[in-house]
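The working numbering applies: residue 11 is where the sequence shown begins, and numbers increase by one.
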Amino acid sequence: MQLKQGIGVESEILRELKALDSESLLIDGKEIKASQCYHFESDPAHILYNTNCPDTLKSRLNSILSKYTVGYEGRTS
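(1) So what's D45 in DSSP terms, helix, strand or just coil?
(2) Work out the CA separation of E33 and V19 for me, nearest whole Å.
(3) Apart from the five residues just before and just after L71, which ones in its own chain have a Cβ nearer than 7 angstroms to its Cβ?
(4) Using a Cβ-Cβ cutoff of less than 7 angstroms, which residues in the same chain neighbour Y59 once the five nearest sequence positions on both sides are dropped?
(5) Are D31 and A44 touching if we call contact CB-CB under 9 angstroms?
(6) Can you tell me whether DSSP reads T61 as helix, strand or coil?
(7) With distances taken Cα to Cα, identify the nearest neighbour of A29 among T79, V80, I74 and Y78.
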């Protein structure tokens, strides 16, 4: 996916992703940061999910990325 044009678009995505880390997730009895469930790349813009990534987090990540990309539909799998 292509990032929308504008200064600081990638920085804004990273800021929102970093904010997710302030909320802990409980997965398999362990408390982890959201960033331990996914990997973000900007060229081209996409998110890779670990198998332990909950659907609720995937939805939030897709929502963030869709604000800053052209034609991003997101994936939950």
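Each residue gets a CB set at the ideal place from its N, CA and C atoms; glycine is no exception.
Looking at the atomic coordinates:
(1) Here residue 45 refers to the residue found at position 35 of the sequence shown. The amino acid occupying residue 45 in the given sequence is Ser; Asp does not appear at that position. DSSP places S45 in helix when its eight states are reduced to three.
(2) Position 9 of the sequence shown, counting from 1, holds the residue named residue 19. Position 23 of the sequence shown, counting from 1, holds the residue named residue 33. Each residue's Cα considered, the two are about 23 angstroms apart.
(3) Your numbering for residue 71 matches position 61 in the sequence shown. Once the five neighbours on either side are set aside, the close Cβ partners of L71 are Y48 and I57.
(4) Indexing the sequence shown from 1 puts residue 59 at position 49. Taking Y59 as the centre and dropping the five residues before and after it, the same chain places the C-beta of C47, Y48 and K68 closer than 7 angstroms to its C-beta, in chain order.
(5) Here residue 31 is taken as the residue at index 21 of the sequence shown, counted from 1. Here residue 44 is taken as the residue at index 34 of the sequence shown, counted from 1. Cβ atoms of D31 and A44: closer than 9 angstroms.
(6) For the purposes of this step, residue 61 is identified with residue 51 of the sequence shown, where counting begins at 1. In the structure shown, T61 sits in coil (DSSP, three-state: anything other than H, G, I, E or B).
(7) Numbered from 1 along the sequence shown, position 19 holds the residue referred to as residue 29. For A29, the closest C-alpha among the options T79, V80, I74 and Y78 is that of I74.
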